[in-house]
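In this note's numbering, the protein residues as written are 1 to 697.
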């Protein structure tokens with residue numbers, strides 16, 4: 001009965017979530033309860049509550065053991081439904097309910113330590129109405145902070161030294177993990193403050209590090225990797241994984257403070273990285289609401305590590321004591337939860353797609369899932385090594401996520417859900433497009449037929465894309481139409497399109513306006529710089545950054561081609577380019593010794609493409625005024641960001657997409673958002689455009 005109840009509850013909640021996006025979950029829950037009474041007329045409401053408690057507890061234990069069986073969103077729905085049913089039926093109160101106590105797994109092999117104060121959790125809310133209801137119960141200045149999605153740890157300092165680090169555990173007793181926490185680079189082992197200090201921090205891992213480590217899909221998400229890392233007996237494993245620690249609370253200290261803001265500034269002064277915080281006076285609660293309900297769509301994707309919501313707290317510490325606590329959570333704070341970036345689905349088949357370089361890539365096709373209002377049915381599986389390392393099979397139940405909040409990814413299969421109907425995924429031996437024999441290079445498959453239809457079409461699409469030659473209205477459908485009509489069969493044919501007007505306008509969905517727009521854009525593309533051309537040529541292993549480095553090194557296409565006539569000298573020069581390796585250098589050489597490629601380049605020159613770099617050569621080391629400095633650019637500036645990025649790189653600096661403690665300068669234009677706030681929090685030097693000009697002149 002428990003399994004049927006579980007499936008019915010989840011399916012009912014899912015179906016309502018699709019139809020009633022703006023409804024309060026409690027109203028939905030009430031309707032569901034009425035449905036359950038007809039579906040389970042043999043069960044009393046007390047029995048439903050008991051079944052839900054078992055489900056929630058089992059799912060929470062599986063989650064703590066790093067083997068989740070349902071997604072965070074499905075779990076939250078069940079948890080909040082249980083809370084609602086218990087609230088409506090207080091006669092069935094049970095102190096052992098998962099809504100009344102922390103459920104966590106405590107491993108046997110780590111020492112146990114008692115917390116000095118109970119480690120509770122935050123009350124969860126998901127709607128604007130619930131947020132307004134919470135704000136009506138508090139007063140004074142409020143703080144909105146990231147709800148960091150990692151592992152919460154209490155760290156104790158005595159006489160300026162890190163003494164003990166403890167996991168949450170069951171809220172009263174946790175595991176001692178001092179040995180691994182000491183390996184976290186931004187958690188100081190020694191601080192200037194000599195009194196007793198006890199803080200709470202969240203151990204997290206940046207998305208890029210998670211993807212580097214989780215190559216076999218062992219961990220379903222970054223949170224589980226952090227949890228497994230912190231609990232390692234071997235501290236060297238934790239050191240290699242580059243965790244971060246972000247402090248969000250001061251528990252005990254010999255100093256006295258009136259507000260949370262004062263505490264955080266004190267901790268920053270001791271060298272801690274503290275949670276991103278935005279403050280709102282009581283008269284600004286409407287701005288607070290707007291900040292919370294728009295954050296998920298406007299700001300979440302900018303954050304380089306996982307957060308699953310925002311925490312709203314009262315700032316004044318005395319006011320917190322007045323409002324007090326529930327059994328598990330404070331009354332003066334709540335967690336505004338975001339939609340889950342994960343979903344469970346079933347893998348139905350695998351397609352093999354041919355890319356612009358001839359690489360043949362497996363793509364998972366699965367039952368449609370809704371991840372943060374994006375409906376997804378497919379995701380790349382990269383290669384057979386990826387498939388085998390995750391032990392993926394057709395008909396598997398799978399965990400799908402949007403890596404870095406954007407790219408769909410099959411994270412792992414849920415092996416505990418297998419029923420014996422799963423099928424092995426077979427690697428093809430011939431190209432799915434042209435039926436040429438495939439070659440294996442490392443872990444990847446390649447079609448070497450340069451006339452393969454899909455290769456050619458994808459090369460043309462890549463050439464026309466915004467980040468390359470930026471030829472508008474030349475997307476996949478249009479390019480495929482032009483290819484099938486024998487109008488554009490190569491990159492060179494794009495520049496003869498002006499002579500094929502009559503044929504073009506006869507194609508379905510295309511007309512004279514589209515034609516004129518494309519021709520104007522083609523003419524503009526003739527002014528493209530060398531780095532755009534190199535990137536547009538789809539040279540294997542040569543990406544956007546490498547194309548810029550080559551352009552800066554050689555200045556124009558003639559210099560590159562001339563040097564390539566002497567292989568040894570050419571390879572030596574390429575290896576001197578920053579981050580170039582033998583594989584990239586060999587790919588570049590092979591491309592430039594192919595007669596068809598040289599003919600294409602000559603055709604491009606003949607129609608007037610200059611193929612020169614904006615930066616002829618990097619300045620000598622002694623003239624690189626920004627050497628070793630790290631910049632982040634944000635907001636609206638007077639020129640495109642690439643202009644400022646190129647200038648910084650010319651002077652020896654580097655540009656990153658996210659602000660961290662290692663950032664030296666933030667160049668901020670108008671309408672700068674969360675990056676500006678984080679830079680202020682971290683004490684990063686902030687430049688306006690005039691200040692940047694002075695610094696670089």
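Glycine is no exception: its CB is placed at the ideal position from the N, C-alpha and C atoms. What you are looking at is a predicted structure, and each value in this text was computed from that prediction instead of being measured.
Quick one: grab the DSSP three-state call for residue 679. Helix at residue 679.
Does the Cβ of residue 258 lie closer than 7 Å to at least one heavy atom of the ligand PLP? As for the ligand PLP, it is missing from this structure, which has no ligand bound.
Please name the residue or residues paired with residue 413 in a DSSP beta bridge. Among the bridge pairs identified by DSSP, residue 413 is matched with 398.
By DSSP's criteria, residue 438 is part of a beta bridge. Which residues make up the other side? BP columns for residue 438 point to 447.
For residue 664, does the three-state DSSP call read helix, strand or coil? Correct three-state label for residue 664: coil.
Give me the residue from 427, 368, 373, 590 with the minimum Cα distance to residue 393. Answer by Cα proximity: 427.
What residues in its chain sit with their C-beta under 7 Å from that of residue 267, if we drop five residues either side in the sequence? Once the five neighbours on either side are set aside, the close Cβ partners of residue 267 are 199, 247, 250, 274.
Just tell me which of 272, 173, 116, 68 has its CA closest to the CA of residue 660. Among 272, 173, 116, 68, the Cα nearest to that of residue 660 belongs to 272.
Boundaries (first-last residue) of the beta strand (DSSP E) holding residue 693: It is not in any beta strand (DSSP E) - residue 693 instead sits in the alpha helix (DSSP H) that spans 689-696.
In chain order, each alpha helix (DSSP H) run of at least 4 residues that lies wholly inside the region 484-522: Counting only runs of 4 or more, we get 491-494, 501-505.
Between 47, 534, 307, 561, which lies nearest to residue 549 when the distance is taken from Cα to Cα? Looking at the Cα atoms, 534 is the closest of the given residues.
For residue 222, count neighbouring Cβ atoms within 10 angstroms of its own Cβ and tell me buried if that reaches 16, exposed if not. With 16 or more other Cβ atoms within 10 Å, it is buried.
Could you tell me which of 151, 217, 230, 253 sits nearest to residue 195, measuring between CA atoms? For the set 151, 217, 230, 253, the Cα lying nearest the Cα of residue 195 is the one of 253.
Do residue 388 and residue 423 count as a contact pair if the criterion is CB distance below 8 Å? No. Outside cutoff.
Just reading off the beta strand (DSSP E) that residue 93 is part of, what are its end residues? Residue 93 -> no beta strand (DSSP E), and no H or E assigned at all.
With a threshold of 16 other CB atoms inside 10 Å of the CB of residue 87, please say whether the residue is buried or exposed. Under this definition residue 87 is an exposed residue.
Can you tell me whether residue 324 is helix, strand or coil according to DSSP? Coil, per DSSP.
8 Å Cβ shell around residue 337 - same chain, five flanking residues per side excluded: Cβ within range, chain order: 76, 124, 125, 126, 147, 308, 309.
Return helix, strand or coil for residue 466, following the three-state DSSP convention. In the structure shown, residue 466 sits in coil (DSSP, three-state: anything other than H, G, I, E or B).
Whose CA, out of 696, 49, 299, lies closest to the CA of residue 650? Checking every option, the nearest Cα to that of residue 650 belongs to 696.
Distance CB(residue 120)-CB(residue 256) smaller than 8 Å: The answer is no: Cβ separation not under 8 Å.
My guess is that residue 607 and residue 495 are in contact by the Cβ rule of under 8 Å, so how many angstroms apart are they, rounded? Contact flag correct, Cβ pair sits at about 5 Å.
Starting from residue 367, trace the beta strand (DSSP E) both ways and give me its first and last residue. Start and end: 359-371.
Since residue 279 sits in a beta bridge, which residues does DSSP pair it with? Partner(s): 143.
In angstroms with no decimal places, state the Cα-to-Cα distance between residue 226 and residue 499. Approximately 60 Å, taken between the alpha carbons.
Looking only at its own chain, which residues have a Cβ that is under 6 Å from the Cβ of residue 459, when we skip the five neighbours before and after it? 356, 538.
From 59, 399, 115, residue whose alpha carbon lies closest to that of residue 98: The shortest Cα separation from residue 98 among 59, 399, 115 belongs to 59.
Tell me which same chain residues have a C-beta within less than 7 Å of the C-beta of residue 56, skipping the five on either side of it? So the qualifying residues of the chain are 78, 79, 82, 98.
Cβ pair residue 655, residue 633 closer than 8 Å: Their beta carbons are under 8 Å apart, which means residue 655 touches residue 633 by this criterion.
If you draw a straight line from the alpha carbon of residue 541 to that of residue 359, how long is it in whole angstroms? The straight-line gap from Cα to Cα measures roughly 11 Å.
In chain order, what residues of the same chain lie with their CB nearer than 8 Å to the CB of residue 429, ignoring the 5 residues before and after it? Non-local C-beta neighbours of residue 429 in its own chain, meaning closer than 8 Å and more than five positions away in sequence, comprise 437, 438, ordered along the chain.
Under a Cβ-count criterion, where at least 16 other Cβ atoms within 10 Å of its own Cβ denotes burial, should residue 306 be classed as buried or exposed? Of the other Cβ atoms in all chains shown, 16 or more fall within 10 Å of the Cβ of residue 306; this residue is therefore buried.
Does the distance from the C-beta atom of residue 491 to that of residue 592 stay below 8 Å? Not in contact: residue 491 and residue 592 (Cβ atoms no closer than 8 Å).
Identity of the residue in 111, 446, 501 nearest residue 352 by Cα: The residue with the shortest Cα to Cα distance from residue 352 is 446.
Classification of residue 169 by the beta-carbon crowding that lies within 10 angstroms, buried from 16 upward: Per the 10 Å Cβ criterion, buried.
If you follow the beta strand (DSSP E) that residue 161 is part of, which residue opens it and which one closes it? Here the beta strand (DSSP E) through residue 161 covers 161-167.
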